[in-house]
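Working notes for the structure below.
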Amino acid sequence: MVPLLAATAPPPVPSSFSGGAEAIAVLVLLSEFAMLRAPLSRSQVRLYAFQSLAVTALAFFVAATQHVPELYALAGFSFLLKVVFVPGIVLRLLKDARVDLVASNRLGVATMVLLAIALSAFAFFVVGRLPVRSHSLPTPALGLAAAVILVAFLLVMLRSDVVSQAVGFFSLENGVSVASLVVAAGLPLIVEVAFLFDLLVAVVVFGVLMRVHHGRTQSLSTDVLDRLKG
Amino acid sequence: MAAVDLAPAEIQALQVLTIVVFAPFVSGGISHLEARLQGRRGPRILQPYYDLAKLFRKETLLPNDAGWVFVVGPVLAFVCYLVVPMLIPVLTDYPLPLGYMGDILGGGFILGLAGCSVAVAAAETGGPYAQLGSSRAMTFGALIEPSILFVTFTVALITATDLPYAEAAVARASLSQVVRPAHLLAALAFFLVVLNDTGRIPVETHSGTLEFGMIDEARTLEHSGPLLALLQWGSAMKQLILYVILLNVFVAPWGLAGTTSLGAVLLAIPVFLAKAFAVGAVFAVIDNSFSKLRLFKITEFMAAAFLLAILAVLVLYLGSG
Chain A
403 MVPLLAATAP PPVPSSFSGG AEAIAVLVLL SEFAMLRAPL SRSQVRLYAF
453 QSLAVTALAF FVAATQHVPE LYALAGFSFL LKVVFVPGIV LRLLKDARVD
503 LVASNRLGVA TMVLLAIALS AFAFFVVGRL PVRSHSLPTP ALGLAAAVIL
553 VAFLLVMLRS DVVSQAVGFF SLENGVSVAS LVVAAGLPLI VEVAFLFDLL
603 VAVVVFGVLM RVHHGRTQSL STDVLDRLKG
Chain B
210 MAAVDLAPAE IQALQVLTIV VFAPFVSGGI SHLEARLQGR RGPRILQPYY
260 DLAKLFRKET LLPNDAGWVF VVGPVLAFVC YLVVPMLIPV LTDYPLPLGY
310 MGDILGGGFI LGLAGCSVAV AAAETGGPYA QLGSSRAMTF GALIEPSILF
360 VTFTVALITA TDLPYAEAAV ARASLSQVVR PAHLLAALAF FLVVLNDTGR
410 IPVETHSGTL EFGMIDEART LEHSGPLLAL LQWGSAMKQL ILYVILLNVF
460 VAPWGLAGTT SLGAVLLAIP VFLAKAFAVG AVFAVIDNSF SKLRLFKITE
510 FMAAAFLLAI LAVLVLYLGS G
């Protein structure tokens, strides 16, 4: 038998727990990418619900491992609000609007994905330089959260329909949630809940926007907003 | 019963034989299952063997302008597929003689040479569909290449080598190696690569007869007789080789023989076939539940594979995830 070659020592292996937590954080980022390329508005909203579920799971994970009981409450709130309530409302608005597909890609899908990869790499590198050591979640999750935020911006910029803008804004909040779990897991509950109420207000605003926009233009595309009215 | 030990060279020969002998069996099993999922009765599981036997008895017809390349291409491809099983852990979890003559990239190069020789042989015929197929196969082969490279980088960063045996050993070592995001992402990216390279549904309908949607399939249209048999056998072997890499290196490197005893090595064969059928069943379900992408949308599929592979490297490089 030939022994296995090993030129240099491989990097340290994360423990099963932190590896699992980081895999969930990667899922959050992957669902952001999926939202960027999903053609149907409905599937974007479902992906947002899935992403929120992953964030909830992360909050639950931190609560269980770090013994922060407030985080259980936060996980419960965010499950109700972000997995059930918000996607439900947006899906219902979409059903009323009876629009399935909005041709809203400003660039080709492959180009968008490559651009988003470049942005996430940027986020990884920049945040990796920060001297942050988290005790609640593996530190790379902070880079992942920053990548989620940047890709959410890209989603808002590159897709020109109201649903994408709303979903992009909501998922931006998911990225911020992950970042706050990494950096400040013991944040007072009242601050976290205030974030969630912000989200609630945003849902109302975007709901009104969708309704009014669709009522005026019979479409969900924002391209028509460029046209001058005389 | 006294334990009979095999020489490493014999086990190596057995690895190659396993791939050669059982490749049509696995293909037949998957197409049988596919037919069942579609509510058809389907061909026998052993049908590919009958097809091969029939083709080997037929005469070879050459197109008018075809030269020696047309004949050599399928043979060279077949030889390539005989070489690759030596580099990868088909039956054993320890490396065998000649197992270190190439790493993952080396195996990739040999598979690339096989694809290239088939494409050149197809282009030699002057037949429009064969040429269309070889041009498409080369184009999409080049587009999927970055994903393969980044999967290799991931393996290199995890194990500090880029040998398939080392990656399998690392994954077997502990659960935390399996759930680390880099490993999961690389395995998923490689899954998409296999989906592409075996001509499966989001990319190509492998059992279709419509030439305009064909990529790999169109390359064999001009061949006949024993040459066609070699091409079909070769593509079944390529599929099984890719399954070996997916299963025994990334997803499920368990159930391999750990010793040189005859019993352990022989037991590894049915275990491996069971795993191959399991992954084949996953591919059959995917085949039946998605539709084929339009040709110009295939780049989106490639972008997804590339995204997974590059995220694996980024997560590893920046956070030792």
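From first to last, the protein sequence lines are chains A and B.
Going from the first sequence to the working numbering is simple: count from 1 and add 402.
Going from the second sequence to the working numbering is simple: count from 1 and add 209.
Just so it is clear, CB atoms sit at the ideal spot from N, CA and C, and this is done for glycine as well.
- Taken through DSSP and simplified to helix, strand or coil, B:A466 comes out as strand.
- A:H615 sits buried, since 16 or more C-beta atoms from the chains shown fall within 10 Å of its C-beta.
- Here the C-alpha atom of B:L502 lies approximately 16 Å from the C-alpha atom of A:L442.
- Straight-line spacing of the CA atoms in A:L473 and A:S454 works out to 15 Å.
- Contact annotation for A:P533 against chain B: no contact, minimum CB-CB distance about 14 Å [criterion: below 7 Å].
- No Cβ-Cβ contact shorter than 8 Å links B:G316 with B:I357.
- Closer than 8 Å at the C-beta level to chain B, one finds no residue of the stretch 479–503 of chain A.
- Considering only beta carbons, the part of the stretch 493–510 of chain B lying closer than 7 Å to chain A consists of T508, E509, in chain order.
- Taking the C-beta atoms as reference points, B:F265 is found no nearer than 8 Å to B:A514.
- Every unbroken stretch of the alpha helix (DSSP H) spanning 4 or more residues and falling wholly within the stretch 304–345 of chain B is given here in chain order: 313–333.
- Residue state for B:T301 is assigned as strand, using DSSP reduced to three classes.
- Judged by DSSP secondary structure, A:P489 falls within the alpha helix (DSSP H) whose first and last residues are 488–499.
- Using a CB distance cut-off of 8 Å, A:F435 counts as an interface residue toward chain B.
- A Cβ-Cβ separation of about 5 Å places B:V278 in contact with B:E333 under the 8 Å criterion.
- The straight-line gap separating the alpha-carbon atoms of A:L517 and A:V607 is approximately 29 Å.
- B:D425: not part of any alpha helix (DSSP H); DSSP gives it neither H nor E.
- DSSP places B:A222 inside the alpha helix (DSSP H), whose first and last residues are 217–246.
- Annotation: the continuous alpha helix (DSSP H) that includes B:M446 extends over 434–453.
- The beta carbons of B:A244 and B:P252 sit closer together than 8 Å.
- Straight-line spacing of the CA atoms in A:F571 and A:I551 works out to 9 Å.
- Listed along chain A are V415, P416, S417, S418, G421, each with a C-beta nearer than 7 Å to that of B:S385.
- Cβ contact annotation for A:I491 (same chain, cutoff 8 Å, sequence separation greater than five): V605, G609, in chain order.
- With respect to chain B, the C-beta atom of A:V605 has no partner C-beta closer than 8 Å.
- Chain order gives no chain B residues near A:I592, where near means a beta carbon separation below 8 Å; the closest approach is about 31 Å.
- One Cα belongs to B:L394, the other to A:L598, and the distance between them is close to 31 Å.
- Taking the Cβ atoms as the reference, A:A423 lies roughly 6 Å from A:L539, within the contact range of under 8 Å.
- Comparing C-alpha distances from B:M310 to each of B:F400, B:P294, B:T508, B:V494 shows the shortest one belongs to B:P294.
- Taken through DSSP and simplified to helix, strand or coil, B:R249 comes out as coil.
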